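**Student:** Take a look at this one; I'll ask things after.
Here it is as structure tokens:
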């Protein structure tokens, strides 16, 4: 049941500590889903039984399976215990783990993504592909995925592994020699998407649940998973997916009403995608139980599109200056007034929605955060105004002038930080203003802006707008011709910048909170994941070599997650 508070869902005050587990238990006390507690109990019993008697490989396989079907969050204590034991084996260079390609790769990937400090040097004996040309598809896939969890520039071993495993997997795909334990669709997806786990989670969970329901959960010999345990995992995964899907459908209905209430449907120039698409992306960013944060992110995303379209398409210079002045005044907006109905509609939609989000966030954070939220909106419109001036006066900035402006104008500031306040962990001012938080925000902005620029540079240059690709290619005047070779070299440099930003972001996300140190304190892992998840969402949007995924592709994926039943 949705208990509306202006955001949509779950108005109970968030616990200050152990937020996610307590939130999950609150969800399980709902009468409609109470039966899931028995399923969780059964799976937990299996995890505890294998902890003492099974090999490290079997335990890691169980962790991987639970993550693949979207139920690992119920077993954080058991998983931590398993990973601690696996890390100890890794440190001791357990030969059973280290010399087995699949086991070593899976251990490296899972441990690194869970924040354990491990070196890629252990994978060095897998760096030469000529020795492993007849390897099983599952082992190759695991090794390829491990190669993408790169957090240091000098991890050349991972580069080599990624190159030869990708080539062998493509050969196996083309010749129809993919092992039966692996889905060809998974191999295609992993090879197509350029960095680790770019597949959006709900779609991946759906695919894996359907695959396991048809083919069973297959473990490597001599590992053994009792049939009842496999059935328990699948039953829990199906129940979890159905309850999440039901919630998404209710949230879509709420957002549809909100759009009408704030009169965004009256903005004829607004390019708004079907709401299913927003939920498809947001469901990959936020845990299932973080409904308020998910709703806030979608609302602010739609509002940033409205503001961007006013600056980019529909607004006169007078309207743009009026909107900036209104954001500068914020609560004292009546001192300014509105020069048009479009400006009035957009400002009130932003102001009223942000204040509701800020009010709820203040309850979660035990402090007011409204000043910060208003500042994020003001920062965005000010840089959009600067870009509009560049375009109007046909000015061409330097790359150094462009990037600080373009990073902010991509408009993730009003989307991600406000939603983090609703995630549950307290974020004191010293954390939000600290070095680590600021660097995560900057790297996310850089990565996403450059991905956008790579996809849109031809169109934007034709429209008289500046873009990092053309600036990197050496353009200094509006309308200046540039050679194809210069553009190609610029694109290669932008790709390098994107990869460097992703590596550094993943390093910050996966390092332990205690090791973060620095000015301002560390950001909780639950919040750090949201910066990384946003990069994954934007990455998928621009996965096509020539730009966006098609609307039909996005709609198809969104319908699969929000509406289509599981085929089990």
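In the UniProt record's numbering, the protein residues as written are 1 to 568.
Think of the CB as a built atom: it goes at the ideal place given N, C-alpha and C, for glycine as much as any other residue.
Predicted model, so just to flag it, every value in this text is computed and none were measured.
1) I'd like the list of long-range same chain contacts for residue 389, defined as Cβ closer than 6 Å, with 5 residues on each side in sequence excluded.
2) Can you tell me whether DSSP reads residue 514 as helix, strand or coil?
3) Here's the rule: buried if 16 or more other CB atoms are within 10 angstroms of the residue's CB, otherwise exposed. What is residue 517?
4) Quick check: what's the CA-CA separation for residue 44 versus residue 75?
5) I need the straight-line Cα distance from residue 579 to residue 410, nearest angstrom please.
6) In chain order, which continuous runs of the alpha helix (DSSP H) of length 4 or greater are located wholly inside the segment 315-363?
7) Between which two residues does the alpha helix (DSSP H) carrying residue 372 extend?
8) Between the segment 265-276 and the segment 229-238, can you find at least three pairs of beta-carbon atoms closer than 8 Å?
9) Using the rule of at least 16 other Cβ atoms within 10 Å of the residue's Cβ for burial, across every protein chain shown, is residue 205 buried or exposed?
10) Nearest by alpha-carbon distance to residue 553: which of 563, 34 and 540 is it?
11) Can you tell me whether DSSP reads residue 34 as helix, strand or coil?
12) Would residue 533 be called buried (16 or more neighbouring beta carbons within 10 Å of its own) or exposed?
13) Can you give the Cα-Cα distance for residue 584 and residue 88, rounded to whole angstroms?
14) Over the uninterrupted alpha helix (DSSP H) stretch that includes residue 254, give me the two end residues.
15) Note down the Cα distance separating residue 221 from residue 103, rounded to an integer number of angstroms.
16) In the DSSP assignment, find the alpha helix (DSSP H) that holds residue 526 and state where it starts and stops.
17) Once the 5 residues before and after residue 445 are set aside, which same chain residues still bring their CB inside 8 Å of it?
18) Tell me where the alpha helix (DSSP H) around residue 404 begins and ends.
19) Determine, using beta carbons only, whether residue 536 and residue 284 come nearer to each other than 8 Å.
20) Measuring only the C-alpha atoms, how far is residue 439 from residue 471?
21) Could you tell me the boundaries of the alpha helix (DSSP H) in which residue 416 lies?
22) Could you check where the alpha helix (DSSP H) with residue 300 kicks off and where it finishes?
23) Can you give me the Cβ contacts of residue 365 inside the same chain, cut-off strictly under 7 Å, excluding the 5 residues immediately before and after it?
24) For the segment 365-376 against the segment 306-316, do three or more pairs of beta-carbon atoms, one drawn from each stretch, fall closer than 8 Å, so that the two count as touching?
25) So the alpha helix (DSSP H) residue 62 belongs to, where does it begin and stop?
26) Got a sec? Which residues, its chain only, sit under 7 Å from residue 498 by beta carbon, not counting five neighbours each side?
27) For residue 165, collect the residues of the same chain with a Cβ closer than 6 Å to its Cβ; drop the 5 residues on either side in sequence, then sort them by chain order.
28) Exposed or buried, which one is residue 107 when buried takes at least 16 other CB atoms within 10 Å?
29) Count the other CB atoms, across all protein chains shown, that sit within 10 Å of the CB of residue 483; report buried if there are 16 or more and exposed otherwise.
30) Say whether the segment 119-132 touches the segment 91-105, bearing in mind that this needs 3 or more beta-carbon pairs closer than 8 Å, one atom from each stretch.
31) Look at the alpha carbon of residue 129 and the alpha carbon of residue 135, and state the distance between them as a whole number of angstroms.
32) How far does the alpha helix (DSSP H) with residue 113 in it extend, from its first residue to its last?
33) Return the CA-CA distance between residue 353 and residue 531, expressed in angstroms with no decimal places.
34) Quick one: what's got a C-beta closer than 8 Å to residue 328's C-beta in the same chain, skipping five residues either side?
35) Mind listing, in chain order, the continuous alpha helix (DSSP H) runs of no fewer than 4 residues lying wholly within the segment 148-181?
36) Taking all protein chains shown into account, do 16 or more other C-beta atoms lie within 10 angstroms of the C-beta of residue 242, making it buried, or fewer, making it exposed?
**Tutor:** Well, looking at it:
1) Position 389 of the chain shown holds residue 389. None.
2) The residue you call residue 514 lines up with position 514 of the chain shown. In this prediction, residue 514 scores a pLDDT of 49, lower than 50, which makes its location untrustworthy; the coordinate-derived value is nonetheless stated afterwards. If DSSP states are grouped into helix, strand and coil, residue 514 belongs with the helices.
3) In the chain shown, residue 517 corresponds to position 517, counting from 1. Unreliable placement is indicated for residue 517, whose pLDDT of 49 sits below 50; the coordinate value is still reported in the next sentence. It counts as exposed.
4) Within the chain shown, residue 44 is the residue found at index 44, counting from 1. Within the chain shown, residue 75 is the residue found at index 75, counting from 1. Between residue 44 and residue 75, the C-alpha separation is close to 7 Å.
5) With the chain running from 1 to 568 in the structure shown, residue 579 is simply not present.
6) 317-329
7) Along the chain shown, one-based indexing puts residue 372 at 372. Its alpha helix (DSSP H) spans residues 370-392.
8) No, because fewer than three Cβ pairs between the segment 229-238 and the segment 265-276 fall closer than 8 Å, the two stretches do not touch.
9) Position 205 of the chain shown, counted from the first residue, corresponds to residue 205. When all chains shown are included, residue 205 counts as buried.
10) The count along the chain shown starts at 1 and reaches residue 553 at position 553. With distances taken between Cα atoms, residue 553 lies closest to 540.
11) Locating residue 34 in the chain shown gives position 34, counting from the first residue. In this structure, residue 34 counts as coil in the three-state DSSP scheme.
12) Translated into the one-based positions of the chain shown, residue 533 becomes position 533. When all chains shown are included, residue 533 counts as buried.
13) A query on residue 584 cannot be resolved here, the shown segment of the chain reaching from 1 to 568 and no further.
14) Here residue 254 refers to the residue found at position 254 when the chain shown is read from its first residue. Counting along the chain, residue 254 sits inside the alpha helix (DSSP H) bounded by residues 227-261.
15) Within the chain shown, the letter at position 221 stands for residue 221. Within the chain shown, the letter at position 103 stands for residue 103. Only weak support exists for where residue 221 lies, its pLDDT of 49 falling under 50; the coordinates are left without a value.
16) If you number the chain shown from 1, residue 526 lands on position 526. From DSSP, the alpha helix (DSSP H) with residue 526 extends over 525-541.
17) Position 445 of the chain shown, counted from the first residue, corresponds to residue 445. Its chain contains 407, 408, 410, 412 and 413 as the residues whose beta carbon lies nearer than 8 Å to that of residue 445, once the 5 sequence neighbours on both sides are disregarded; these appear in chain order.
18) Within the chain shown, residue 404 is the residue found at index 404, counting from 1. Note, residue 404: alpha helix (DSSP H), 399-409.
19) Taking the first residue of the chain shown as 1, we reach residue 536 at position 536. Taking the first residue of the chain shown as 1, we reach residue 284 at position 284. Against a cut-off of 8 Å, the Cβ pair of residue 284 and residue 536 comes out as a contact.
20) Translated into positions along the chain shown, residue 439 becomes position 439. Translated into positions along the chain shown, residue 471 becomes position 471. Computed Cα separation, rounded: 24 Å.
21) In the chain shown, counting from the first residue as 1, residue 416 sits at position 416. Residues 416-420.
22) As a working note, residue 300 is residue 300 in the chain shown. Taken as a continuous stretch (DSSP letters only), the alpha helix (DSSP H) holding residue 300 covers 291-309.
23) In the chain shown, the residue the question calls residue 365 occupies position 365. The residues are 421, 426 and 427.
24) no
25) As a position in the chain shown, residue 62 is number 62, starting the count at 1. Residue 62 -> alpha helix (DSSP H) spans 56-68.
26) By 1-based counting over the chain shown, the position of residue 498 is 498. Hits under 7 Å: 447, 450 and 451.
27) For the purposes of this step, residue 165 is identified with residue 165 of the chain shown, where counting begins at 1. Hits under 6 Å: 140, 143 and 144.
28) The count along the chain shown starts at 1 and reaches residue 107 at position 107. Label assigned to residue 107: buried.
29) In the chain shown, residue 483 corresponds to position 483, counting from 1. Its Cβ having fewer than 16 others within 10 Å, residue 483 is exposed.
30) yes
31) One-based indexing of the chain shown puts residue 129 at position 129. One-based indexing of the chain shown puts residue 135 at position 135. Going from the Cα of residue 129 to the Cα of residue 135 covers about 10 Å.
32) For the purposes of this step, residue 113 is taken as residue 113 along the chain shown, with counting starting at 1. Its alpha helix (DSSP H) spans residues 101-113.
33) One-based indexing of the chain shown puts residue 353 at position 353. One-based indexing of the chain shown puts residue 531 at position 531. Their backbone Cα atoms lie some 22 Å apart in a straight line.
34) Walking along the chain shown from the start, residue 328 turns up at place 328. Excluding sequence neighbours, residue 328 sits near 378.
35) Given a length threshold of 4 residues, each whole run of the alpha helix (DSSP H) inside the segment 148-181 is given here in chain order: 156-175.
36) Working through the chain shown from its first residue, we reach residue 242 at position 242. Exposed, by the Cβ-count rule.
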